[in-house]
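Per UniProt numbering, the sequence shown starts with residue 1, numbered consecutively.
We put the CB at the ideal spot given by N, CA and C, even for glycine.
The block underneath contains the structure these notes are about, expressed in structure tokens.
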Amino acid sequence: MNLDWFQPYEGTIYSTGIIYAVICNLPQDVRFKPENVLILGILPGPDKVKLHKVNHYLSPIITELESLWEGVNLNRTNECPNGKDI
Numbered sequence: 001m002n003l004d005w006f007q008p009y010e011g012t013i014y015s016t017g018i019i020y021a022v023i024c025n026l027p028q029d030v031r032f033k034p035e036n037v038l039i040l041g042i043l044p045g046p047d048k049v050k051l052h053k054v055n056h057y058l059s060p061i062i063t064e065l066e067s068l069w070e071g072v073n074l075n076r077t078n079e080c081p082n083g084k085d086i
């Protein structure tokens, strides 16, 4: 998971932050291709969010990621009509 700031408009000091993740198990040459980057959140400008306030943005993302750590149950698929834990 990464947090990066960028300036979406030329000639201004307006900054926007993006929280994103990549899958480290992918080969390095495809890991950062747009189709493999997961955008987890956007932090609005006009200024960078203070470091101590970033936790307020990260907390719900971390909560969701923690639920994935336990695994997810797919109820039904064509290949697994009884469902499958992944």
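Are the beta-carbon atoms belonging to residue i and residue j less than 8 angstroms from one another?
i, j, result
"Ile18", "Ile42", "yes"
"Tyr20", "Asn2", "yes"
"Thr16", "Pro8", "yes"
"Leu74", "Lys84", "yes"
"Gly71", "Ile61", "no"
"Trp5", "Lys48", "yes"
Where does residue i land, buried or exposed, given buried means 16+ other C-beta within 10 angstroms?
i, result
"Leu40", "buried"
Under a three-way DSSP split, which group does residue i fall into?
i, result
"Leu65", "helix"
"Val54", "helix"
"Asp29", "helix"
So who's on the other strand from residue i, going by DSSP bridges?
i, result
"Lys84", "Leu74"
"Asp4", "Ile18"
"Val37", "Val22"
"Ile42", "Ile18"
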